[in-house]
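A.B. asks:
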Amino acid sequence: MKQISSLNNVHQNGKFGDFENKNEKDLLKISELKNVLIFQIVQYKNSSSDISNIKIDNLELPSTLKSSSNSDTRILWMGPKNWIVISSKTDLLLKNEKQFDEVNFAITDLSHSRTIIEIQGDLVNEVLKKGCPINIDKFNEGDCTNSIYNGISITIDFISNNPKKVRIFGLRSFGESLHHSITDGSLEFGYQSN
Amino acid sequence: MLNIKCPYCGDRSQKEFAYGGDGTITRPKLNQEISDEEWDNFVYLRKSPRGKHIELWHHIAGCRQWFKVERDTTTHEIFRTFKPEE
Chain A
3 MKQISSLNNV
13 HQNGKFGDFE
23 NKNEKDLLKI
33 SELKNVLIFQ
43 IVQYKNSSSD
53 ISNIKIDNLE
63 LPSTLKSSSN
73 SDTRILWMGP
83 KNWIVISSKT
93 DLLLKNEKQF
103 DEVNFAITDL
113 SHSRTIIEIQ
123 GDLVNEVLKK
133 GCPINIDKFN
143 EGDCTNSIYN
153 GISITIDFIS
163 NNPKKVRIFG
173 LRSFGESLHH
183 SITDGSLEFG
193 YQSN
Chain B
30 MLNIKCPYCG
40 DRSQKEFAYG
50 GDGTITRPKL
60 NQEISDEEWD
70 NFVYLRKSPR
80 GKHIELWHHI
90 AGCRQWFKVE
100 RDTTTHEIFR
110 TFKPEE
């Protein structure tokens, strides 16, 4: 089935906010990540199945508030016995389904149900601080966490420290509001949208 | 605004949590005969103590886990947070 982004008519390319007389490399870069496979792995509470043998795209399931990643796939910790996988390999779920038996795991395809906004730039933390109550500065590359942004439930994936880059996941139905909140918070610094 | 330490995620703002009521209430055991009064007490009857109180909280915008908080209802000081099974 064809995926249509929730930001299809919202996210526009160009420069916005206080971008004039600024070097392009100093601007925040905001983009949308779409057409990726997203699925959730939940291990049932009573399950004692060993997860150390599970590998998805050669990645282990990460520990608390951590992510594991390679160039195509990222796995984020969502809570105890709960992970989310984001991959540009759209057949990854089919290839890995057999690792998860129905007695111990529930796998749900969420590819259509998330909006992902990627922000890059030195001032990323300042944008996040405007709407998110967590202590952003203590999070580094390879961390991830759930929180809220202006009241909207989000997941933040801290992708790299240099350049500073994060991905913000929100529910699809809140995509437009989340995009508005993030871009509104970025206007002060000037941003390039692509 | 409270700062609550989730046993799974660490210190977070109260904005991420939902209050879940008295944490000392236990549901009557399944398949056990109980009177209407006992059931009524379980569903409705709550104490409203002034001072230390064990409460349930839900990290609804975080790891989505329920846990217990020992809090002073007068000063809002939080003494400890712990997993329900602890």
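For the protein sequence lines, the chains are A and B, in the order given.
The opening position of the first sequence corresponds to residue 3 in my numbering, with each subsequent residue numbered one higher.
The opening position of the second sequence corresponds to residue 30 in my numbering, with each subsequent residue numbered one higher.
For each residue, glycine too, the CB sits at the ideal point set by N, CA and C.
This structure is a prediction, so every number in the text was calculated from the model and none was measured.
In the DSSP assignment, find the unbroken alpha helix (DSSP H) run with residue 83 (chain A) in it and report its ends.
C.D. replies: No alpha helix (DSSP H) holds residue 83 (chain A); DSSP gives it neither H nor E.
A.B. asks: Using the C-alpha atoms, what's the distance from residue 31 (chain A) back to residue 196 (chain A)?
C.D. replies: Pairing residue 196 (chain A) with residue 31 (chain A), the inter-Cα distance amounts to about 7 Å.
A.B. asks: Between residue 115 (chain B) and chain A, is any beta-carbon pair separated by less than 8 Å?
C.D. replies: At a cut-off of 8 Å between beta carbons, residue 115 (chain B) makes no contact with chain A.
A.B. asks: Under 8 Å between beta-carbons, which chain A residues line up against residue 41 (chain B)? List them in chain order, please.
C.D. replies: Think of a sphere of 8 Å around the beta carbon of residue 41 (chain B): the chain A residues whose beta carbon falls inside it are 135, 136 and 149, in chain order.
A.B. asks: Kindly say whether residue 65 (chain A), judged by its beta-carbon, lies nearer than 8 Å to any beta-carbon of chain B.
C.D. replies: no
A.B. asks: Tell me which residue opens and which closes the alpha helix (DSSP H) that residue 187 (chain A) is part of.
C.D. replies: Counting along the chain, the unbroken alpha helix (DSSP H) around residue 187 (chain A) starts and ends at 177-188.
A.B. asks: Just confirm the distance between the C-beta atoms of residue 9 (chain A) and residue 117 (chain A), as a whole number of angstroms; I'd bet it's less than 8 Å.
C.D. replies: The Cβ separation is near 6 Å, so the contact holds.
A.B. asks: Give me the Cβ distance between residue 76 (chain A) and residue 159 (chain A), rounded to the nearest whole Å; I'm assuming they're in contact under 8 Å.
C.D. replies: 6 Å
A.B. asks: Note down, in chain order, every chain B residue with its Cβ under 9 Å from the Cβ of residue 81 (chain A).
C.D. replies: Simply 37, 38, 88, 91, 92, 93 and 94.
A.B. asks: Could you work out which residue in B:78, B:79 and B:55 is closest to residue 69 (chain B) when comparing CA atoms only?
C.D. replies: If we check each option's Cα against that of residue 69 (chain B), B:55 comes out closest.
A.B. asks: On the three-state DSSP scale, how would you describe residue 45 (chain A)?
C.D. replies: strand
A.B. asks: Can you say whether residue 10 (chain B) is buried or exposed, counting buried as having 16 or more other CB atoms within 10 angstroms of its CB?
C.D. replies: Because chain B spans 30 through 115 in this model, residue 10 (chain B) falls outside it and cannot be assessed.
A.B. asks: Helix, strand or coil for residue 145 (chain A)? Go by DSSP, reduced to three states.
C.D. replies: strand
A.B. asks: When we look at the beta-carbon of residue 78 (chain A) and count the other beta-carbons within 10 Å, is it buried (16 or more) or exposed?
C.D. replies: buried
A.B. asks: Let's see if you can read the secondary structure: which residues bound the alpha helix (DSSP H) around residue 69 (chain B)?
C.D. replies: 65-73
A.B. asks: Just to check, is the beta-carbon of residue 97 (chain A) closer than 7 Å to a non-hydrogen atom of the ligand ATP?
C.D. replies: The ligand ATP is not part of this structure, which contains no ligands at all.
A.B. asks: Strictly under 8 Å for the Cβ-Cβ distance: is residue 58 (chain B) near chain A by that measure?
C.D. replies: no
A.B. asks: Specify the secondary structure class of residue 163 (chain A) as computed by DSSP and reduced to three states.
C.D. replies: strand
A.B. asks: Measure from the alpha carbon of residue 50 (chain A) to the alpha carbon of each residue in A:99, A:105, A:172 and A:171, then state which is nearest.
C.D. replies: A:105
A.B. asks: Run down chain A in chain order and give the residues with a C-beta less than 9 Å from the C-beta of residue 44 (chain B).
C.D. replies: 135, 149, 150 and 153
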